[in-house]
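Novice: In the numbering used here, the protein residues as written are 2 to 114. We treat Cβ as the ideally placed atom computed from N, Cα and C, and that holds for glycine.
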Ligand code: 5GP
Ligand code: ZN
């Protein structure tokens, strides 16, 4: 997608602090971190949001979660972490390229996010 911020970050057209990359997934530090560890885990395929996941593209979601487990270990999140996916306007999604927030490094509390 020409006009997508995260597609541009994946392509290296916009700089980011890379944490992890494989054939399917690119992960980088959030520019506005909400926890000591705040990594955005993004599929290299442009899928706008969770609502667009279906049986023909769900492999990208699986690969993201495989990456999340690796990144959490690499970041030392041995005591747990939280994964958040915002979807659409009411979900507070601001970048319309599917992504998972990996948050940790402190006790995150009992609130929704
Ligand atoms: P959303 O609100 O869509 O779930 O999450 C989008 C996230 O992308 C936000 O947490 C925001 O801080 C992050 N973000 C927005 N623009 C950039 C950017 O240019 N670089 C990085 N690293 N993160 C960004
Ligand atoms: Zn995109």
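Specify, as a first and last residue, the run of the beta strand (DSSP E) that residue 85 falls within.
Specialist: Element bounds for residue 85: 83-85.
Novice: Does the segment 76-93 touch the segment 7-16, meaning 3 or more C-beta pairs lie closer than 8 Å?
Specialist: Cβ pair count under 8 Å is below three, so no.
Novice: In terms of residue numbering, what span does the alpha helix (DSSP H) encompassing residue 96 cover?
Specialist: Element bounds for residue 96: n/a, residue is neither H nor E.
Novice: Using only the alpha-carbon positions, how far apart do residue 38 and residue 76 sit?
Specialist: Answer to the nearest angstrom: the Cα atoms are 8 Å apart.
Novice: By the DSSP assignment, the alpha helix (DSSP H) with residue 92 in it spans what residues?
Specialist: Unbroken alpha helix (DSSP H) run through residue 92: 89-92.
Novice: Within the present structure, is the beta-carbon of residue 48 separated from the nearest heavy atom of the ligand 5GP by less than 7 Å?
Specialist: Residue 48: no, Cβ never under 7 Å from the ligand 5GP.
Novice: What does a CB cutoff of less than 8 Å around residue 31 pick up in its chain, not counting 5 residues either side in sequence?
Specialist: So the list reads 39, 40, 41 and 102, once near-sequence residues are dropped.
Novice: Can residue 98 be considered in contact with the ligand ZN, in the sense that its beta carbon sits closer than 7 Å to one or more heavy atoms?
Specialist: Answer for residue 98: yes, Cβ within range of the ligand ZN.
Novice: Taking 7 Å as the cut-off, does the CB of residue 5 come closer than this to any heavy atom belonging to the ligand ZN?
Specialist: Result yes, Cβ under 7 Å from the ligand ZN.
Novice: DSSP beta-bridge partners for residue 47?
Specialist: Residue 47 is not bridged to any residue.
Novice: Please determine, among 56, 20 and 11, the residue with the shortest C-alpha to C-alpha distance to residue 44.
Specialist: The shortest C-alpha separation from residue 44 is found at 11.
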